[in-house]
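Q: Sharing a structure with you now.
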Amino acid sequence: MRINYISYGISKTGGYRHEKCLFKATCEYFKIDDKIEGSLIRKPKLFTSIFGYIELMLWSFFKSNADINIVTARIALSAIFRNWFSKSEVWVVLHNFDESDGKSGRMKLYYKLLFKYLKKTEHSRFKLITGAQYWVDYFNRIKGLKHVFLFPNFFDPTIYEPYRINQKDKWIFMGQWSTKNDDGITALAAKLSEAGYYCYFSTLLPAVARSYGEGYEIICFPRFEDYLEKMSKCCYTLALTKVNEGWNRIAHESLLVNTLVIGYGRGGLGELLKESNSIIVNSTEEAYNCILVNANVLPNGDFIEKYSTKNTQRYINLIWSNH
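Just add 1042 to the spot in the sequence shown (first one is 1) and you have this note's numbering.
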């Protein structure tokens, strides 16, 4: 048996980390040895033009030659076409689907075709895998898809344990710098700065990192350890996104280092906040007030254990048992 994980992009995003965890857990499930191969294949490139995207689809078509092909949603159709008449599996990972997140007309048509095919297919070789129960229900009920499976975002708590501290500074981690953030996020940062808080965003792109006079800075951390250390000193992490998220890696990692999270109860993020007993708000103004009154909650201790990497195998078993 051969297992391929096929991806692309220049940044190690939360989605990429989730997919990579799925790939590793699948290899572990099948006990990869000299008779079973597993390959992580990633094209380190962004594709902005139609010709570049065609190139990507052709590339993924030829790479989808394993018994199990784990692919991102945007290259799923090429993998499905490659394995139309074979006995191979294609596991399409889709973290969320928000109709209002600014997709181009081309991508809207692409997803329409993808969902149409997945809805019509009777066999279970072509599966959709997502990271939160919210999205399992969404793809089942709203999109009418049959073969949808859950593989949550898993973390190894031992990596984060050294950074779990109780003494916090008057710092606010505003989340990752992104167009997905609430439109009022920078105004909130400026307001918090005036109230005496130090505010910062993170980014995976060095060219984006800079300081602003409005009371916040954007930091590209040279090491993952630096990112964790700074986040662990914050009294709050904010997860205020205007789209329905799949999950929120930064919010989850904040909880792992004992930093409280304030966020919107939408999509998979809402599920994360509820399960962890975090603070759910409906606006940036409400988030501001929670910070000023020093809102506190008692985190759900079972949350961290539930999403530990040691629990991956039962989810892979559920996915594979439906092949």
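Note that beta-carbon positions come from the ideal geometry of N, C-alpha and C, so glycine has one too.
Run through DSSP, which three-state label would K1087 get?
A: Three-state DSSP puts K1087 in coil, outside helix and strand.
Q: Our contact map puts I1052 next to K1087 with C-beta atoms below 8 Å; I'd like the distance itself, whole angstroms only.
A: Indeed they touch by this definition, with Cβ atoms about 7 Å apart.
Q: Measure the alpha-carbon distance for C1063 versus W1133 and round it to whole angstroms.
A: About 14 Å.
Q: Taking the continuous beta strand (DSSP E) assigned at A1281, which residues delimit it?
A: Y1278 to A1281 is the extent of the beta strand (DSSP E) around A1281.
Q: Using DSSP bridges, identify the partner residues of I1110.
A: Answer is I1045 and E1131, bridged to I1110.
Q: Starting from the C-beta of Y1152, find all residues in its chain whose C-beta is less than 8 Å away, skip the five residues before and the five after it, and write them out in chain order.
A: These residues qualify, in order along the chain: R1116 and L1119.
Q: For the segment 1242-1249 against the segment 1185-1194, are there 3 or more C-beta pairs whose distance is under 8 Å?
A: No, because fewer than three Cβ pairs between the segment 1242-1249 and the segment 1185-1194 fall closer than 8 Å, the two stretches do not touch.
Q: Look at Y1290 and G1305 and say whether their C-beta atoms are less than 9 Å apart.
A: A quick correction: the sequence has Asn, not Tyr, at residue 1290. Closer than 9 Å, so yes.
Q: Give me the Cβ distance between A1108 and I1045, rounded to the nearest whole Å; I'm assuming they're in contact under 8 Å.
A: A1108 to I1045, Cβ: 6 Å. Contact.
Q: Can V1285 and D1140 be called in contact, C-beta distance under 9 Å?
A: Yes, these two residues count as a Cβ contact at 9 Å.
Q: Where does N1223 sit, in a helix, a strand or coil, going by DSSP?
A: In this structure, N1223 counts as strand in the three-state DSSP scheme.
Q: For the segment 1334-1353 against the segment 1196-1207, do three or more pairs of beta-carbon atoms, one drawn from each stretch, fall closer than 8 Å, so that the two count as touching?
A: Contact holds: three or more Cβ-Cβ distances are below 8 Å.
Q: For I1092, name the three-state secondary structure that DSSP assigns.
A: I1092 falls in the helix class under three-state DSSP.
Q: Tell me which residue opens and which closes the beta strand (DSSP E) that R1124 is part of.
A: First-last for R1124: A1118 to R1124, but that is the alpha helix (DSSP H), not the beta strand (DSSP E).
Q: Enumerate in chain order the residues of its own chain whose CB-to-CB distance from K1210 is below 8 Å, with the five nearest sequence positions on each side excluded.
A: Here the set comprises K1275, C1276, C1277 and T1301.
Q: Let's see if you can read the secondary structure: which residues bound the alpha helix (DSSP H) around L1334?
A: Start and end: T1326 to L1334.
Q: Let me know the secondary structure DSSP gives T1354 once reduced to three states.
A: In this structure, T1354 counts as helix in the three-state DSSP scheme.
Q: Contact check, V1339 vs Y1202 under 8 Å by CB: the rounded distance?
A: Not really, about 19 Å apart at Cβ, beyond 8 Å.
Q: In angstroms with no decimal places, state the Cα-to-Cα distance between K1150 and G1056.
A: The straight-line gap from Cα to Cα measures roughly 23 Å.
Q: Under 8 Å: do the segment 1316-1332 and the segment 1252-1268 share three or more Cβ pairs, one atom per stretch?
A: In short, these stretches do not touch, since the Cβ pair count stays below three.
Q: Only counting runs of 3 or more residues, tell me where the beta strand (DSSP E) segments fall wholly within the segment 1240-1324, in order along the chain.
A: Those beta strand (DSSP E) runs which fall completely within the segment 1240-1324 and span 3+ residues are 1240-1244, 1252-1254, 1258-1261, 1278-1281, 1302-1306 and 1321-1323.
Q: Among F1072, F1103 and M1043, whose alpha-carbon lies nearest the alpha-carbon of Q1355?
A: Looking at the Cα atoms, F1072 is the closest of the given residues.
Q: Could you tell me the alpha carbon to alpha carbon distance between E1327 and H1137, rounded to whole angstroms?
A: Computed Cα separation, rounded: 28 Å.
Q: For H1060, I'd like the list of residues in its chain whose CB is within less than 6 Å of its CB, leaving aside the five on either flank, ordered along the chain.
A: Hits under 6 Å: G1173 and N1195.
Q: Looking only at its own chain, which residues have a Cβ that is under 8 Å from the Cβ of W1126, when we skip the five neighbours before and after it?
A: Answer for W1126: no residue qualifies.
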